[in-house]
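The structure under discussion appears below in the form of structure tokens.
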Amino acid sequence: MAYGDVTYSYILGGSTVTSAATPHDLYGGAYQGLSDLNVADVLMITLAASTGLATIGPSGTGGQIPGMFLSPSAQLNLLALTRDDASQLKVHRQTTNNPVIYWTVWARRPL
759 MAYGDVTYSY ILGGSTVTSA ATPHDLYGGA YQGLSDLNVA DVLMITLAAS TGLATIGPSG
819 TGGQIPGMFL SPSAQLNLLA LTRDDASQLK VHRQTTNNPV IYWTVWARRP L
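Heads up: the sequence shown is residues 759 to 869, going by the numbering used here.
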């Protein structure tokens with residue numbers, strides 16, 4: 759690796775079960791790993807869904823969450839986010855079943 763390259767450290771991972779027709783905090787209240795970070799720290803988030811479609815985005819109510827679709831057949835790597843932005847992510851189911859969203863948070867670290 760060259761000078762100035764970055765690596766990523768595992769921060770925490772977990773899952774969030776969606777239910778009802780309302781958005782849920784992505785982390786389901788598990789902020790213990792995020793709260794130890796500086797608000798300007800850069801994070802990468804990896805996501806997967808168990809069944810059904812879900813959307814992930816910064817806010818919204820009902821089906822009004824702008825953002826990306828998460829399907830059970832794919833893994834999604836979100837673009838780099840600050841800790842402040844990452845802590846506001848919400849997930850919303852798009853099908854009648856309740857997909858489980860599996861997530862992993864990585865923090866960027868300089869060499």
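Here a beta-carbon is modelled for each residue, glycine too, at the ideal position from N, C-alpha and C.
Can you tell me whether residue i is buried or exposed? The criterion is at least 16 other CB atoms within 10 Å of its CB, across all chains shown.
i	result
Pro781	buried
Ala778	exposed
Met759	The predicted position of Met759 is uncertain, since its pLDDT is 45 and thus under 50; a value taken from the coordinates is nonetheless stated next. Its Cβ having fewer than 16 others within 10 Å, Met759 is exposed.
Thr765	exposed
Val849	buried
Return the residue from the list the options that minimises the CA-CA distance to residue i.
i	options	result
Gln852	Phe827, Tyr785, Gly815 and Ser808	Phe827
Val863	Thr809, Thr854 and Tyr785	Tyr785
Thr776	Leu837, Arg841 and Thr854	Thr854
Thr813	Trp861, Gly825 and Gly771	Gly825
Ser829	Gly815, Ala807 and Pro816	Ala807
To the nearest whole angstrom, what separates the beta carbons of residue i and residue j, a pair I think is in contact under 8 Å?
i	j	result
Ile859	Leu805	6 Å
Arg841	Asp783	Going by Cβ atoms, the distance from Arg841 to Asp783 rounds to 15 Å, so no, they are not a contact pair.
Ala832	Leu792	In fact, because the Cβ distance is near 24 Å, the residues do not count as touching under 8 Å.
Mind checking whether residue i and residue j have CB atoms under 8 Å apart?
i	j	result
Pro868	Thr809	no
Ala865	Leu795	yes
Met802	Leu847	no
Report the residue ranges of all alpha helix (DSSP H) runs contained in full by the stretch 837-862; include only those spanning at least 4 residues, in chain order. When DSSP assignments are scanned along the stretch 837-862, the uninterrupted stretches of alpha helix (DSSP H) that are 4 or more residues long and fall wholly within it turn out to be 841-844.
Give the list of continuous beta strand (DSSP E) stretches no shorter than 3 residues that lie fully inside the stretch 762-801. Complete beta strand (DSSP E) runs here, min 3: 764-775.
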